[in-house]
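Let me begin by presenting the structure, written as structure tokens, before commenting on it.
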Amino acid sequence: MRFNRPHDLLIHNQTLLVTDSQQGGARVLSLALEPGYPLIRETHIAAAYCRSFKLIGSTLYVCDSGGGRVFLLDARTLETLASYGSREPGATIGSLDRKQQKQHPTRMVPNEIIRFRERFFLTNYFYRGTRNRLISFSSLDEWERGHYVDHSHLVKGVPYFMDIPDDRLFLGEIDDCSRCVQIAEEAGELRLMHIIE
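In the numbering used here, the protein residues as written are 12 to 208.
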């Protein structure tokens, strides 16, 4: 077995799960945690570029940065349960310059998704661009319908990763502004609480 463009991994139920992008689609692999990491199963999804995935409950949320969608997979069987996002083609990371971004302002490059305090948070990634965004929504159905809250005023650089250690939301940014910030809710609004630059 050979990888093409592996990008993210996590351990779940004594297996190693890996995203791998390739020409014509992408796949998620389940490997045994033993010498040689033998393949247990794999699933191919109609994604252009699997940037990252998160395990939320028993479901894998896979961000398709190339196709502008989020795929939901059963973490045990790797069966595709659903997909959400624009039906229009997305954009491969770094492929849209500033002029193209103005022409296609709604195109999404989902970078990472996370669930924090009953809401989903999604970063939108345009390399060296103007559309670096952080949004939140109550459900993926709402996001697909265009109902979300935009928190992009909190973002200065390219939003690259999110994590929630000890029930605290952290966002890491690169490129235009390299920093790590803690985001917290205060008086019903999200604010930057701590900034590490």
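Glycine residues also receive a C-beta, built at the ideal position from the N, C-alpha and C atoms.
Note that the coordinates shown come from a computational prediction; the quantities given were computed from them, not determined experimentally.
- In its chain, beyond the 5 residues on either side, F14, N15, R16, P17, H18, A37, R38, V39, L40, C61 have a beta carbon closer than 8 Å to the beta carbon of D31.
- According to the DSSP assignment, E129 belongs to no alpha helix (DSSP H), since it is labelled neither H nor E.
- Going by beta carbons, S163 and L145 fall inside the 8 Å limit.
- For H164, the secondary structure class from DSSP, reduced to helix, strand or coil, is helix.
- Here the alpha carbon of G79 sits roughly 35 Å from the alpha carbon of E45.
- Between L165 and the set S149, D75, N135, the nearest pair of CA atoms involves N135.
- Check the Cα spacing between A59 and each of L50, E53, K65, V73: the tightest is with V73.
- With contacts defined by Cβ atoms closer than 8 Å, S76 and V120 form a contacting pair.
- Beta-bridge partners of V120 (DSSP): none assigned.
- Take D161, set aside five residues on each side of it, and the residues of its chain with a beta-carbon closer than 6 Å to its own are I146, in chain order.
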